[in-house]
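Peer 1: Next up is a structure, given as structure tokens.
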Amino acid sequence: MLVLEKIADFRRERARREGTCGFVPTMGYLHEGHLALVRRAAAENDHVVVSIFVNPTQFGQNEDFGGYPRDLARDLEMLHAFPNLIVFTPTVEEIYPHGFQSYVQVEEVSQGLEGERRPTHFRGVATVVAKLFNIVQPQRAYFGQKDAQQLAVIRQMVRDLAFPLEVIGVPTVRESDGLALSSRNSYLTPEQRAAAPVLYRALCAARDRYTDGERDAEVLRAAMRAVLAAEPLAAVDYVSAADAETLRECEGAVSGAVLLSMAVRIGRARLIDNLSVGVD
Ligand code: AMP
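Heads up: the sequence shown runs through residues 22 to 301, numbered per this note's numbering.
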């Protein structure tokens, strides 16, 4: 395992490696969800690059950039066993040097859901991922379905700007009680952690209604809200039943693939989760 901080050092090392490169961008504080992406990348490529970079431009003014959990030593320990791995750990100055002024804005698919509540978030995500793609030059890049809108934004960017790589979505890894793994779960107190599986229960309730034949978008959203309302520690930011392709909110009868998703605050953690229905 090689750990590199500088773009120039990374490029020198990357140029020496032959075969296909699989890339997993992360913000660190790794967990089994991240490792599922790394394992998939390792299985499908000759070598793997993992980036660890808490990207300031994707955090809003009042969000948790400063307090975001960081533990590089622990992250490197978790990645130790993977062969042919480069870990790229740039500083903020390396990615955003003095005078930086170029940003990538993916328009429509960035606008609803998370984008509506976090207006500058996907501009930051698209910008850093575009820059990392240019540095890493992977053949394949791996993203979690946990962040479904992020995956959609990256797919759109890759299509629109002709990045020469394949984007691969990896299923969400969950705890045994259904809670999606997330670095932000570390913010939860034991009592809040016990309440947190309510997101997955709410998603499953809507999925079950869908499986039973319910197609009214508002009824599906109401099924999620009803489960969340029974948990006093859960403060709902939004629940959504959206077209899985465009991410536009569904009205009336749904058809085709539908993304059921939500953001819920529990204590100081803002948790997001999703499930898709109507997928072949
Ligand atoms: P993050 O470090 O939170 O920016 O996440 C880095 C990558 O890991 C993103 O593509 C996420 O979607 C993915 N990821 C995060 N949590 C999970 C999870 N529970 N299951 C699968 N992928 C995940």
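Idealized CB from N, CA, C, for every residue including glycine. Here the structure is a predicted model, which is why all the values come from computation and not from measurement.
At a threshold of 7 Å, does Pro46 count as lining the ligand AMP (C-beta to nearest heavy atom)?
Peer 2: yes
Peer 1: What residue from Ala62, Ala244, Arg33 has the CA that sits closest to Ile189's CA?
Peer 2: Ala62
Peer 1: Would you tell me roughly how many angstroms separate the C-alpha atoms of Ala274 and Arg176, rounded to the nearest one?
Peer 2: Their backbone Cα atoms lie some 27 Å apart in a straight line.
Peer 1: Does the stretch 286–301 touch the stretch 149–158, meaning 3 or more C-beta pairs lie closer than 8 Å?
Peer 2: no
Peer 1: Mapping DSSP to helix, strand and coil, what is Thr112?
Peer 2: coil
Peer 1: Could you tell me which of Asn295, Ala255, Arg236 sits nearest to Gly277, measuring between CA atoms?
Peer 2: Arg236
Peer 1: Spatial neighbours of Cys271 within its chain, please: C-beta separation below 7 Å, excluding the five flanking residues on both sides.
Peer 2: Cβ within range, chain order: Ala238, Ala262, Ala263, Asp264, Val279.
Peer 1: Using 8 Å as the threshold, is the stretch 67–80 in touch with the stretch 182–200, meaning 3 or more CB pairs across them?
Peer 2: Touching, no, given that fewer than three Cβ pairs across the two stretches are closer than 8 Å.
Peer 1: State the start and end residues of the unbroken beta strand (DSSP E) segment that holds Glu65.
Peer 2: Here Glu65 belongs to no beta strand (DSSP E); instead the alpha helix (DSSP H) covers 53–65.
Peer 1: Tell me which residue opens and which closes the beta strand (DSSP E) that Leu296 is part of.
Peer 2: 290–298
Peer 1: So the beta strand (DSSP E) Phe164 belongs to, where does it begin and stop?
Peer 2: 161–165
Peer 1: Check whether the Cβ of Gln132 sits closer than 7 Å to any heavy atom of the ligand AMP, and report yes or no.
Peer 2: no
Peer 1: Does the stretch 291–301 come close enough to the stretch 157–169 that 3 or more CB-CB pairs lie under 8 Å?
Peer 2: yes
Peer 1: Which of the three DSSP states is assigned to Leu261 in this structure?
Peer 2: Rather than Leu, the amino acid found at residue 261 in this sequence is Ser. In this structure, Ser261 counts as strand in the three-state DSSP scheme.
Peer 1: Any heavy atom of the ligand AMP within a distance shorter than 7 Å of the CB on Lys167?
Peer 2: yes
Peer 1: Quick one: what's got a C-beta closer than 6 Å to Tyr89's C-beta in the same chain, skipping five residues either side?
Peer 2: Val75
Peer 1: Is there a Cβ of chain C sitting closer than 8 Å to that of Leu97, yes or no?
Peer 2: Note that chain C does not occur in the displayed structure, where there is just one protein chain.
Peer 1: Which partner residues of Arg222 appear in the DSSP bridge assignment?
Peer 2: DSSP lists no partner for Arg222.
Peer 1: For Ser203, tell me which candidate among Pro77, Thr41, Thr47 has the shortest Cα-Cα distance.
Peer 2: Thr47
Peer 1: Three Cβ pairs or more, each shorter than 8 Å: is that satisfied between the stretch 217–225 and the stretch 242–255?
Peer 2: yes
Peer 1: For Ala201, count the other beta carbons within 10 Å of its own beta carbon; 16 or more makes it buried, fewer makes it exposed. Which is it?
Peer 2: buried
Peer 1: For a test of your reading of the model: does the CB of Ser207 fall under 7 Å from any non-hydrogen atom of the ligand AMP? Yes or no.
Peer 2: no
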